[in-house]
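Enquirer:
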Amino acid sequence: MNKTKTRSRLPGDHFIPAVYQKILLLICLLAAAVPDGHAQTARQPDTARMVWAAGEPGERLQVAYFRTSFVSDGEAISAELHLFADSRYHLLVNGQFVNFGPARFYPEHPEYDTYDLRPYLRTGENVIAVKVLSNGTANFQLRNGPPAFIAWGRVEWPNGTHRLETPGSWLTYRSRAYDAFAPRMNFALAPMEVYDARADREIRGWEWPGYTVSPIWQPAVPVADPQYWGELTPRSIPHLTQEETRPYQLLGVYPWATDEQLYGFQVRKRDESWEHFRESVPFLGYTYVYSPEEQDVEVGIWWGEHYLNGEGPIEQTEAGRERPHRQQAIFHLKKGWNYLFVRRNSFFGKWAFQLALPREAGLQLSPDRILDDPVFFRTTPPFYGEAAETVKVLDLRQTDLHRLLEYRWEEQSNNNGNPAIEMAWRYIEPERALEIPDWQIDEIDIPAQQGTALLFDFRYKRLGRIIIEYDAPAGTVLDVAFTEDLVAGQANVMKRNGLYMVNRHIAAGGSGRIETFRPYGLRYLQVNVHGHTGPVRIKKVRVLHQVYPFEQVGRFNCSDPLLDKIWEMGWRTLRVCAEDSYTDTPYRERGLYAGDMLPQMAVTLAGSGDLRLVRRSIELFQDMYADLFYENTPKHPDEIALLEDYPLLTLEALSWYVDRTGDLEFAERLFPNYEKLLKDALDRRAENGLVHNERVFIEWTQIQKSDVTNTAYQSILARSCRLLARLATQLRRLDKATYFQTEYENLSEQIRQHLWDKGRGLYTDGLQAGAPIDHFYPISSVWPFHAGITTAEQEKTIFPYIDRELEDIGSVSRRKKITPYGSFYVLGALYKKEMAETAEAFIRKHWGEMVYKGDDTTWENFDNTSFGTLSHAWSAAPTYYLTTQILGVELGWPTPTDPDQLLIAPQSATVNWASGTVPHPRGPIDISWEVRGSHLWLECQVPEGIKWAVAPRGRLAELELWVNGEKYLRSNH
934 MNKTKTRSRL PGDHFIPAVY QKILLLICLL AAAVPDGHAQ TARQPDTARM
984 VWAAGEPGER LQVAYFRTSF VSDGEAISAE LHLFADSRYH LLVNGQFVNF
1034 GPARFYPEHP EYDTYDLRPY LRTGENVIAV KVLSNGTANF QLRNGPPAFI
1084 AWGRVEWPNG THRLETPGSW LTYRSRAYDA FAPRMNFALA PMEVYDARAD
1134 REIRGWEWPG YTVSPIWQPA VPVADPQYWG ELTPRSIPHL TQEETRPYQL
1184 LGVYPWATDE QLYGFQVRKR DESWEHFRES VPFLGYTYVY SPEEQDVEVG
1234 IWWGEHYLNG EGPIEQTEAG RERPHRQQAI FHLKKGWNYL FVRRNSFFGK
1284 WAFQLALPRE AGLQLSPDRI LDDPVFFRTT PPFYGEAAET VKVLDLRQTD
1334 LHRLLEYRWE EQSNNNGNPA IEMAWRYIEP ERALEIPDWQ IDEIDIPAQQ
1384 GTALLFDFRY KRLGRIIIEY DAPAGTVLDV AFTEDLVAGQ ANVMKRNGLY
1434 MVNRHIAAGG SGRIETFRPY GLRYLQVNVH GHTGPVRIKK VRVLHQVYPF
1484 EQVGRFNCSD PLLDKIWEMG WRTLRVCAED SYTDTPYRER GLYAGDMLPQ
1534 MAVTLAGSGD LRLVRRSIEL FQDMYADLFY ENTPKHPDEI ALLEDYPLLT
1584 LEALSWYVDR TGDLEFAERL FPNYEKLLKD ALDRRAENGL VHNERVFIEW
1634 TQIQKSDVTN TAYQSILARS CRLLARLATQ LRRLDKATYF QTEYENLSEQ
1684 IRQHLWDKGR GLYTDGLQAG APIDHFYPIS SVWPFHAGIT TAEQEKTIFP
1734 YIDRELEDIG SVSRRKKITP YGSFYVLGAL YKKEMAETAE AFIRKHWGEM
1784 VYKGDDTTWE NFDNTSFGTL SHAWSAAPTY YLTTQILGVE LGWPTPTDPD
1834 QLLIAPQSAT VNWASGTVPH PRGPIDISWE VRGSHLWLEC QVPEGIKWAV
1884 APRGRLAELE LWVNGEKYLR SNH
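Quick note, the sequence shown lines up with residues 934 to 1906 if you use this note's numbering.
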């Protein structure tokens, strides 16, 4: 069928047909389109400098506003702006939002953005405005770099020109409205956006024409160390979507319960680096509790050691499932003042304190024993070193202890708490819900002086910037929570301790607008309104969906509607886990992980075929693992601990990417990096020829991961040698190909010799202290199979064992035999062995539950407990395998394939018909097949230039095959 001539080639060599080369060129040209803000070469002129606002730049969470203005007497002929900022920017022209950037980067290889501003300009005065956020802390998206902004370009009209390079005519104002000491949202994200609009009141309208510039605006000044950033290059991926999304439903408007008085504060410690954030150090604090009578009072309490009147520590009990992250305790109070002393270690960068007292008890707090005292606690700064050790062993069983301790005591008032903890401790009263029509989501009125929660459902997970427009008195507080799920009928703000998914906004008075600087992942959005002296109107709540602009090409339908929904669920999950790199989840971390990216790449191929984000992510890995890829490069302190299997999986992605695109230039550039990576790993082999591992990931199970010779890792390393040998052949580096193929064979032999358990007929999980581990997770035999290490005889016992294990994988979260992550590899092995019945039963059982309990996105684990997120694209493997196995269009993993040599090989034990579309570089491939009695009727449309054949497998191979209306004789193809 459709015979085409091919040139002779070396084994593994990938020939790129001329038409395919044109398609790749077209993609590159599309990526260079200026109106979309995509890459266009525009070399940075010598006159353009990295700049910032004058003053001390070392602060955490800084925001600076930059503006330049000009007056034109005619329509712009050209208006090209190039810009970059560290950490993030918002670009506005004449008050209109243009876009967000830059793309995620490492400082060694930053990328600038390019815009054609003509659609936003007008005759007369024009203002180009840029808001720049500097995180001031390391996170899983960006390193902790110095704040900076740079721009260049020009606007030209018939009678004039305005140059845009910095510093030039740019003026800047350093905002004081953002709380520089706001707590970090979690271990992976930057600090909360706590914004007091009153502090920016005097510059209101600064981004619009007609604004009068006052002396508070100063010329931008060059940064001290511009060499921190490498050479700026054009953006390599499209800009993210900017799609405004309405809530699906307003679930309710609820008054708060008023039976408790909450007290809270937080004492910050250093958290700018990953190491600082994780360290735990002690704090001390004290106050007096006034009681109008002797009484026993049940209180809500935070963790830590609490001593009352010299007795303690006070016993604490869990508050229950509907009140997570809160303890309960009994205070035995005497009449008058009672001495409360607290010792607590920091947790994730801070000490957060919270206390809930029943109003009916008439209690008050004051460190000076003054009624109605605005100060309610005193605390020490954090203790380090020897001082910390001394504090940890202090005997706290005494009264007035603070008088004996010569420490610096700082006052705490009740407006300095963690907004997320406060929100989690506020409880709604559904029976007092305001009456709102079911259809109404906008223009919601809130009565004066009544703490109120508005709860919105967006139906599916979203990743985007949150926009709220409102009318409110000055000082009104709007706490905005974004969550994946609900608890006790309200947003599950603290799904785990240390996840603080809340921003805070304080109104300046009158009409206002919340627009978060960063995007956040959510399905539910809750707005808590409090501190308002008059009525409040919430006029509009939206999410500006901000994800990678994949165009969906792939489709899947079959005789089982559940499998259809599972395919769609995986595609939806990928969409919210793809932004300016792939990410694990839009909710908790938004981090780029090599292990997550391989199944994400698979789903991309099934749903879109656009591999530009794959390429960009692989480039980011080169800087993430720079110490492994480049000589004499130390590990950066902002990077998390190494999982040794993950860098190897980036080679899997690179090899797969090169096969699908033919981008040998990219492979040529990165080849030395992977040569070093593999040679360094092979140099660590012990006498048994295997590599001892300090730490691996492999699976989200209890498999031994530390201080081990892990079988799966050895197999991944062996497969990596084989892949690099194949890549070397494609690059005509035949000596390298021979070297790595030989290393593959040597390592494979050692794996078979030392890690195969003849008695069990399985590969052990590995070696520890020189002895085999007496445990056999499925993944430990699956990876040797994918590496081509297993023999036919070994597979006779391996796959019946896997079949039995999958019948019951256990019930305890993260203690199961297999997880959604490992399933990508297990399903690939099952389908390769034509065990479609086992694979389909496993998919229906475990992903079916995700559909039945939400039909939204795939979960991190095979359960929806607090341990994992409900939006993890590493779990979207069925979307790939339903396309490649049931539709039958192979896409190059686990077995590498040539896109121009297409084998259509459907297999299914239970599906009777299927249809869909599969993306391909030459154009979409349309497939449909149906079982008709003893016949398999298959229809396909394959783009010109592809040599293709049909070879059904398993049950379908036993049927008489008809293709495009003609009987298909396999012997002829």
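Don't be surprised by glycine CBs; every beta carbon is placed ideally from N, CA and C.
(1) Given W1895, which residues of its chain have a CB within under 8 Å of its CB, disregarding the five upstream and five downstream residues?
(2) With DSSP collapsed to three states, give me the class of L1396.
(3) Taking Y1022 as part of the beta strand (DSSP E), name the residues at either end of that continuous run.
(4) In this structure, does DSSP put C1654 in helix, strand or coil?
(5) Determine the extent of the alpha helix (DSSP H) in which A1679 is found, giving its start and end residues.
(6) Let me make sure I understand the geometry here. Which of E1255, E1044, A1405 and A1809 has the alpha-carbon closest to that of F1167?
(7) Find out if the Cβ-Cβ distance for the pair Q1423, I1471 is shorter than 7 Å.
(8) Residue range of the beta strand (DSSP E) that A1289 falls in?
(9) Is the beta carbon of A986 within less than 6 Å of some heavy atom of the ligand GTP?
(10) Alpha carbon to alpha carbon, how far is S1147 from G1093? Give it in angstroms, no decimals.
(11) For D1592, does the three-state DSSP call read helix, strand or coil?
(12) With respect to the beta strand (DSSP E) encompassing H1868, which residues constitute its N-terminal and C-terminal limits?
(13) Could you say which of E1008, H1258, P1215 and H1265 lies nearest to V1326 if we only look at CA atoms?
(14) Would you report the Cα separation of A1762 and N1425, rounded to the nearest angstrom?
(15) For the alpha helix (DSSP H) containing N1606, name the first residue and the last one.
(16) Among F1017, A1527 and W1270, whose alpha-carbon lies nearest the alpha-carbon of I1083?
(17) When the Cα atoms are used, what is the spatial distance from E1008 to G1878?
(18) Nearest CA to the CA of A1132: which residue from A1441, H1172, R1117 and T1047?
(19) Where does F1800 land, buried or exposed, given buried means 16+ other C-beta within 10 angstroms?
(20) Could you check what DSSP says for A1884 in three-state terms: helix, strand or coil?
(21) Give the C-beta separation of R1392 and T1790 to the nearest angstrom, bearing in mind that I take them to be a contact with Cβ-Cβ under 8 Å.
(22) Under the DSSP definition of a beta bridge, which residues are partnered with S1808?
(23) Under a Cβ-count criterion, where at least 16 other Cβ atoms within 10 Å of its own Cβ denotes burial, should E1368 be classed as buried or exposed?
(24) Of all the options M1356, A1769 and F1389, which has the alpha carbon lying nearest to the alpha carbon of D1371?
(25) Would you give the residue range spanned by the beta strand (DSSP E) that F1274 belongs to?
(26) Going along the chain, which residues of its own chain have a beta-carbon closer than 7 Å to the beta-carbon of T1250, five neighbours each way excluded?
(27) Can you tell me whether DSSP reads P897 as helix, strand or coil?
(28) Measure from the alpha carbon of Y1646 to the alpha carbon of each residue in L1688, T1323, Q1663 and A1661, then state which is nearest.
(29) Report the partner residues of H1239 according to the DSSP bridge assignment.
(30) What does R1914 pair with, by DSSP beta-bridge criteria?
(31) N1461 and T1449 - do their beta-carbons sit closer together than 7 Å?
(32) If I follow the unbroken alpha helix (DSSP H) through Q1727, where does it start and stop?
(33) Within a Cβ cutoff of 7 Å, which residues of the same chain sit near D1560, ignoring the five residues on either side of it in sequence?
(34) So is E1893 buried or exposed if we call it buried at 16+ other beta carbons inside 10 Å?
(35) Sorted by chain position, which residues of the same chain lie with C-beta nearer than 8 Å to D1229's C-beta, five sequence neighbours on each side aside?
(36) Cα separation between Y1106 and E1041?
Expert: Judging by the given coordinates:
(1) As a working mapping, residue 1895 is identified with position 962 in the sequence shown. Hits under 8 Å: H1868, L1869, W1870, L1871 and Y1901.
(2) Position 463 of the sequence shown, counting from 1, holds the residue named residue 1396. Strand, per DSSP.
(3) To locate residue 1022, count along the sequence shown from 1; it is residue 89. Where Y1022 is concerned, the enclosing beta strand (DSSP E) stretches over R1021 to V1026.
(4) Along the sequence shown, one-based indexing puts residue 1654 at 721. Three-state DSSP puts C1654 in a helix.
(5) The residue you call residue 1679 lines up with position 746 of the sequence shown. A small fix is needed here, since residue 1679 is Asn in this sequence, not Ala. Residues L1667 to L1688.
(6) Position 234 of the sequence shown, counting from 1, holds the residue named residue 1167. Looking at the sequence itself, residue 1167 is Pro, so the reference to Phe does not match. Here the closest residue by C-alpha is E1044.
(7) Residue numbering aside, residue 1423 sits at position 490 when the sequence shown is read from its first letter. Residue numbering aside, residue 1471 sits at position 538 when the sequence shown is read from its first letter. Result no, Cβ atoms of Q1423 and I1471 do not sit closer than 7 Å.
(8) Start at 1 with the first residue of the sequence shown, and residue 1289 comes out as number 356. Taken as a continuous stretch (DSSP letters only), the beta strand (DSSP E) holding A1289 covers K1283 to P1291.
(9) The ligand GTP is not part of the structure shown, which contains no ligands of any sort.
(10) For the purposes of this step, residue 1093 is taken as residue 160 along the sequence shown, with counting starting at 1. For the purposes of this step, residue 1147 is taken as residue 214 along the sequence shown, with counting starting at 1. G1093 and S1147: Cα-Cα distance of roughly 26 Å.
(11) To locate residue 1592, count along the sequence shown from 1; it is residue 659. Of the three classes helix, strand and coil, the one that applies to D1592 here is helix, per DSSP.
(12) Within the sequence shown, numbered from 1, the residue matching residue 1868 stands at position 935. Segment H1868 to Q1874, the beta strand (DSSP E) holding H1868.
(13) Taking the first residue of the sequence shown as 1, we reach residue 1326 at position 393. Nearest option by C-alpha distance: P1215.
(14) As a working note, residue 1762 is residue 829 in the sequence shown. As a working note, residue 1425 is residue 492 in the sequence shown. The straight-line gap from Cα to Cα measures roughly 38 Å.
(15) The sequence position of residue 1606 within the sequence shown is 673, counting from 1. L1597 to L1615 is the extent of the alpha helix (DSSP H) around N1606.
(16) Translated into the one-based positions of the sequence shown, residue 1083 becomes position 150. Nearest C-alpha to I1083: F1017.
(17) Within the sequence shown, residue 1008 is the residue found at index 75, counting from 1. Within the sequence shown, residue 1878 is the residue found at index 945, counting from 1. G1878 has its alpha-carbon roughly 47 Å from the corresponding atom of E1008.
(18) The sequence position of residue 1132 within the sequence shown is 199, counting from 1. Of A1441, H1172, R1117 and T1047, the residue nearest in Cα terms is A1441.
(19) Residue mapping note: residue 1800 aligns to position 867 of the sequence shown, counting from 1. The residue in question, F1800, is exposed, as its Cβ has fewer than 16 Cβ neighbours within 10 Å.
(20) Reading the sequence shown from its first residue, position 951 is the one you call residue 1884. Reduced to three states, the DSSP call for A1884 is coil.
(21) Here residue 1392 refers to the residue found at position 459 of the sequence shown. Here residue 1790 refers to the residue found at position 857 of the sequence shown. So it is not a contact: roughly 11 Å between Cβ atoms.
(22) In the sequence shown, residue 1808 corresponds to position 875, counting from 1. Note: S1808 sits in no beta bridge, so no partner.
(23) To locate residue 1368, count along the sequence shown from 1; it is residue 435. Around the beta carbon of E1368, a 10 Å sphere encloses fewer than 16 other beta carbons of the protein chains shown; the residue is thus reported as exposed.
(24) Counting from 1 along the sequence shown, the entry for residue 1371 is found at position 438. The shortest Cα separation from D1371 among M1356, A1769 and F1389 belongs to F1389.
(25) In the sequence shown, the residue the question calls residue 1274 occupies position 341. Unbroken beta strand (DSSP E) run through F1274: G1269 to N1278.
(26) As a first step, residue 1250 is located in the sequence shown; it is residue number 317 there, counting from the start. Hits under 7 Å: Q1260 and Q1261.
(27) Look at the range of the chain in this structure, 934 to 1906, and you will see that residue 897 is not part of it.
(28) As a first step, residue 1646 must be located in the sequence shown, where it is residue number 713. It is L1688.
(29) As a first step, residue 1239 must be located in the sequence shown, where it is residue number 306. H1239 is bridged to V1275.
(30) With the chain covering 934 to 1906 only, the question about residue 1914 has no answer from this structure.
(31) Taking the first residue of the sequence shown as 1, we reach residue 1449 at position 516. Taking the first residue of the sequence shown as 1, we reach residue 1461 at position 528. Annotated as distal: T1449 and N1461, with beta-carbon spacing of 7 Å or more.
(32) As a working mapping, residue 1727 is identified with position 794 in the sequence shown. First-last of the alpha helix (DSSP H) with Q1727: A1725 to E1740.
(33) The residue labelled residue 1560 in the question sits at position 627 within the sequence shown. Excluding positions up to five away in sequence, the list reads T1566, P1567 and K1568.
(34) Translated into the one-based positions of the sequence shown, residue 1893 becomes position 960. Exposed.
(35) On the sequence shown, residue 1229 is found 296 positions in, with the first residue counted as 1. Cβ neighbours of D1229 within its own chain (closer than 8 Å, five residues either side excluded): I1263, F1264, H1265 and L1266.
(36) In the sequence shown, counting from the first residue as 1, residue 1106 sits at position 173. In the sequence shown, counting from the first residue as 1, residue 1041 sits at position 108. C-alpha separation (whole angstroms): 28 Å.
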